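The letter at position 231 of the sequence shown is residue 230 when you use numbering that gives the first Met the number 0, and the numbering goes up by one with no holes. From the three backbone atoms N, C-alpha and C, an ideal C-beta is built for every residue, glycine too. Predicted model only: the values in this text are computed from it and were never measured. Working notes, beginning with the structure itself.
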Amino acid sequence: MRICAVIVTYNRLDLLKSTIEKLLNQSLKLDEIIIIDNNCTDGTREYLRDLKEEKITPVFLDENIGGAGGFNKGIKKAYEKGHDYIWIMDDDTFATETALENMINKIEIIGEDKIGFLCSNVLFKDNKACVMNVPTVKPVWNDYITDGLVRVKNASFVSMLFSRKIVKEFGLPIKDFFIWGDDTEYTLRISEKYECYMCIDSIVHHYMKSNVGVDIINGDTDRVGRYFFEYRNKFYMNKKRGFRGVIFHTKYTVKSILQILLKSKEGKGKKVKVVLKGYFSGITFNPRIEHVK
């Protein structure tokens, strides 16, 4: 069984170094670590070029294509290189020593042919649940709870494992998402057909600056433009549910605007403009799902 880790990184060299160290120290050894450098400008490129570690394969991009584009490229490369399983994560994901082994050990409990993906139990620095990475559980979630497995519907790309069979069948994450929602869309695609689980004893720590979810109301006004992708990408996913999904997303957008106007302390007009821009762009947004050969 050949297992490859895929990391997407952008200008977080110190965190990336720790992420790499944790992967190299796994109890179950990886065959390869593919690192997608999203056109970093903080010395990451030079560090990776000088790194003398045969298991690490850096891929240097000429532009920042976002997390979605990075995972698209990384998963595709791992697939093309013949790996049986692909383990993906951000560059601020610190895996505990047995994180990978504990996921691999769960495969035979469920059965390889039944599993869509497995994901880790993602904690913040303080060992509390990392809010942004809490998966959505299925209504019936506890069939394998005594084995340390919780059935989920969708999850984040912060420590997720799946087989090449899944990539062959479902293709790649949608690169045109750029950021936000690519993991939700991809995992929903998979969980519609296969069983997917969070492994309670596969623990990773997500070293974000703060333990908060996506929050345009209190978000930094200087970076508010990125929320465009949230509202556009969510509209695409909701449209797949038909008219009901369109109505749901419209209500969600109106609610967001009202909350911005009532609760935001600064940049209200700028935030509302971004939300509306994402909403109207989402009406015609219809990206292509890329498949592997």
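Residue from the options with nearest C-alpha to residue i
i       : options                            : result
Leu-122 : Asp-49, Tyr-230, Ile-202, Asp-181  : Ile-202
Asp-221 : Gly-266, Ile-87, Glu-53            : Gly-266
Gly-277 : Leu-117, Tyr-230, Met-197          : Tyr-230
Leu-275 : Ile-259, Glu-289, His-290, Ser-263 : Ile-259
Ser-65  : Tyr-84, Asn-10, Thr-92, Tyr-46     : The question names Ser, but residue 65 is Gly in the sequence shown. Out of Tyr-84, Asn-10, Thr-92, Tyr-46, Asn-10 has the C-alpha closest to the C-alpha of Gly-65.
Asn-141 : Phe-93, Ile-103, Asp-90, Glu-194   : Glu-194
Trp-179 : Leu-117, Glu-52, Val-213           : Val-213
Cys-129 : Glu-111, Val-157, Thr-145, Asp-112 : Val-157
Lys-72  : Ile-33, Gly-110, Ala-94, Val-133   : Ile-33
Met-0   : Ile-108, Gly-115, Ile-103, Lys-270 : Ile-103
Ser-162 : Leu-117, Arg-188, Asp-219          : Leu-117
Lys-75  : Gly-170, Asp-219, Asn-217          : Gly-170
Asp-112 : Asp-219, Lys-164, Ile-144, Glu-62  : Lys-164
Val-253 : Lys-270, Leu-12, Gly-241, Arg-287  : Lys-270
Ile-144 : Tyr-206, Arg-287, Arg-243, Ile-108 : Ile-108
Met-207 : Lys-51, Gly-68, Gly-81, Asp-89     : Asp-89
Val-139 : Met-131, Val-133, Asn-132, Val-149 : Val-149
Phe-228 : Phe-284, Gly-110, Asp-13           : Phe-284
Lys-80  : Asp-13, Ala-4, Thr-40, Gly-115     : Ala-4
Glu-168 : Asp-13, Ile-288, Leu-12            : Ile-288
Distance between beta carbons of residue j and residue i, contact taken as under 8 Å
i       : j       : result
Asp-36  : Thr-8   : 6 Å
Tyr-78  : Val-166 : 5 Å
Lys-54  : Glu-31  : 6 Å
Leu-160 : Trp-86  : 5 Å
Leu-29  : Ile-2   : 6 Å
Ser-155 : Asp-182 : 5 Å
Phe-70  : Ser-17  : Not confirmed; about 20 Å, so no contact.
Asp-146 : Lys-192 : About 22 Å; that fails the 8 Å criterion.
His-82  : Asn-132 : Not confirmed; about 24 Å, so no contact.
Beta-carbon proximity list for residue i, same chain, < 6 Å, skipping 5 on both sides
i       : result
Ser-280 : Arg-231
Tyr-226 : Ile-215, Val-273
Phe-247 : Asn-237
Lys-152 : Thr-135, Lys-137, Ser-190
Pro-286 : Ile-173, Asp-175
Gly-68  : Lys-174
8 Å CB neighbourhood of residue i in its chain, flanking five on each side removed
i       : result
Ile-282 : Phe-234
Glu-184 : Pro-172, Ile-173, Phe-176, Asn-232, Tyr-235, Met-236
Asn-24  : Glu-96
Asn-120 : Met-197, Cys-198, Ile-199, Asp-200, Ser-201, Ile-202, Val-203
Leu-261 : none
Own chain, CB closer than 7 Å to residue i, minus 5 neighbours either side, in chain order
i       : result
Phe-59  : Asp-36, Arg-44
Asp-49  : none
Leu-294 : In this structure the chain extends from 0 to 292, so residue 294 is not present and cannot be described.
Val-245 : Asn-237, Lys-238
Glu-62  : Asn-38
Gly-224 : Val-273
Lys-51  : none
Heavy atom of the ligand PLP within 6 Å of residue i beta-carbon
i       : result
Ile-189 : Of the ligands one can find in the structure shown there are none, so the ligand PLP has no counterpart to examine.
(request) Give, in chain order, every unbroken run of the beta strand (DSSP E) that is at least 3 residues long and sits entirely within the segment 159-233. (result) 159-162, 194-205
(message) In chain order, what are the residue ranges of uninterrupted beta strand (DSSP E) at least 3 long that sit wholly in the segment 10-58?
(response) 31-36
(message) Quick check on the DSSP output: what are the complete beta strand (DSSP E) runs of length 3 or more inside the segment 108-169, in order along the chain?
(response) 114-122, 148-153, 159-162
(request) Decide yes or no for the touch test of the segment 108-126 against the segment 27-47: beta carbon pairs closer than 8 Å, at least 3 of them. (result) no
(message) As an exercise, report each continuous alpha helix (DSSP H) stretch of at least 4 residues that is fully enclosed by the segment 53-88, in chain order.
(response) 65-79
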